[in-house]
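Data block below; observations after.
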Amino acid sequence: MAGLAWSLASLSAAAPPPSAAALIARLKRPVPATTAYTEVRFLHQLTRPLILHGELDYGGADKLRKRVDMPYRETTEISGGRVTMTRAGRASRHFELERAPELKALMDGFSALLGGDAVALQSLYTLSLVDNAANWKLTLTPRDAILAAHLRDFIIDGAKAEPRCFTLRQNNGDASVMLLGTLAATKLPQPTTPAALATVCRAGP
90 MAGLAWSLAS LSAAAPPPSA AALIARLKRP VPATTAYTEV RFLHQLTRPL ILHGELDYGG
150 ADKLRKRVDM PYRETTEISG GRVTMTRAGR ASRHFELERA PELKALMDGF SALLGGDAVA
210 LQSLYTLSLV DNAANWKLTL TPRDAILAAH LRDFIIDGAK AEPRCFTLRQ NNGDASVMLL
270 GTLAATKLPQ PTTPAALATV CRAGP
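If you want my numbering, it's the position in the sequence shown, counting the first as 1, plus 89.
Structure below.
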């Protein structure tokens with residue numbers, strides 16, 4: 090009986106819902122893939138949101154470069170499970186990806202989504218899809234206990250075959266909303282709140 094239960098659980102983790110699998114297949118992109126972004130970070134130690142503008146470069150599998158152009162210049166490169174952060178005027182930092190749950194979630198999500206690999210995504214997260222004629226919302230909840238201790242969920246909003254926003258919500262109340270592509274140039278709502286940005290992500294440009 091225990092073996093049967095384990096088998097069923099493994100099968101469940103390996104087989105994404107058909108609707109989610111179809112959506113993820115549509116999101117597949119050739120590499121390299123580059124997109125502009127505007128990121129709004131809500132951090133409990135700050136009194137107002139931190140707003141970043143830059144570009145994401147996905148090089149396939151385990152390669153991701155996140156460049157910040159404003160309000161400062163910084164580059165974060167992920168390759169082979171290692172992270173290198175470089176900012177003008179400072180020494181470069183090097184550390185393991187496992188030490189940065191938010192970056193790990195972004196890397197895993199990017200790799201599986203842009204690779205069109207629903208099975209890989211399902212092995213890392215529980216998938217929940219809300220889809221209608223105008224837009225869709227895919228919520229990823231971490232399966233790994235260590236990641237789940239930090240990350241509440243990872244939400245992707247989009248329409249048709251285009252992701253519009255990535256939202257990472259942490260268990261300590263911090264959150265990051267990343268507006269992608271054409272939406273990155275959209276004027277941010279005032280006041281800039283998580284709820285207001287969620288509306289922008291649903292409505293699109």
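Here a beta-carbon is modelled for each residue, glycine too, at the ideal position from N, C-alpha and C.
Small disclaimer: the values here were computed from a predicted structure and weren't measured.
Residue nearest to residue i in terms of C-alpha spacing, selected from the options
{"i": "Glu-144", "options": "Leu-112, Gly-270 and Pro-190", "result": "Gly-270"}
{"i": "Ala-237", "options": "Pro-252, Glu-251 and Arg-258", "result": "Arg-258"}
{"i": "Arg-154", "options": "Met-174, Pro-160 and Leu-139", "result": "Met-174"}
{"i": "Val-219", "options": "Leu-229, Gly-148 and Leu-213", "result": "Leu-229"}
{"i": "Arg-232", "options": "Cys-254, Asn-224, Thr-215 and Ala-223", "result": "Thr-215"}
{"i": "Leu-227", "options": "Ile-235, Gly-247 and Leu-213", "result": "Gly-247"}
{"i": "Ala-223", "options": "Gly-178, Cys-290 and Tyr-161", "result": "Cys-290"}
Residue i versus residue j: straight-line alpha-carbon distance, rounded
{"i": "Leu-100", "j": "Arg-241", "result": "In this predicted model, Leu-100 has a pLDDT of only 40, less than 50, meaning its place in the structure is not dependable enough to derive any value."}
{"i": "Lys-193", "j": "Glu-187", "result": "7 Å"}
{"i": "Gln-279", "j": "Val-208", "result": "39 Å"}
{"i": "Gly-204", "j": "Lys-276", "result": "30 Å"}
{"i": "Phe-255", "j": "Thr-127", "result": "10 Å"}
{"i": "Ile-113", "j": "Pro-107", "result": "10 Å"}
Nonlocal neighbours in the same chain, by C-beta distance under 6 Å from residue i, ignoring five residues either side
{"i": "Thr-124", "result": "Leu-145, Leu-269 and Gly-270"}
{"i": "Lys-117", "result": "Gly-205"}
{"i": "Phe-243", "result": "Ala-194, Gly-198, Leu-229 and Leu-257"}
Cβ shell of residue i (< 7 Å), same chain only, five flanking positions each side left out
{"i": "Arg-115", "result": "Ala-250"}
{"i": "Val-157", "result": "Leu-141, Gly-143 and Glu-163"}
{"i": "Phe-131", "result": "Pro-138, Asp-263, Ala-264 and Pro-283"}
Neighbourhood of residue i by C-beta distance below 8 Å, restricted to the same chain and skipping five residues each side
{"i": "Pro-121", "result": "Asp-146, Tyr-147, Gly-148 and Gly-149"}
Residue i classed as buried or exposed, judged by whether at least 16 other C-beta atoms fall within 10 angstroms
{"i": "Leu-195", "result": "buried"}
{"i": "Gly-198", "result": "buried"}
Start-end ranges of the beta strand (DSSP E) lying completely within the stretch 214–285, minimum 3 residues: With a minimum length of 3 residues, the continuous beta strand (DSSP E) runs that stay inside the stretch 214–285 are 214–220, 225–231, 240–248, 251–259 and 264–269.
Segments of 4+ residues assigned as alpha helix (DSSP H) that fall wholly inside the stretch 105–152: DSSP runs (the alpha helix (DSSP H)) wholly in the stretch 105–152: 107–115.
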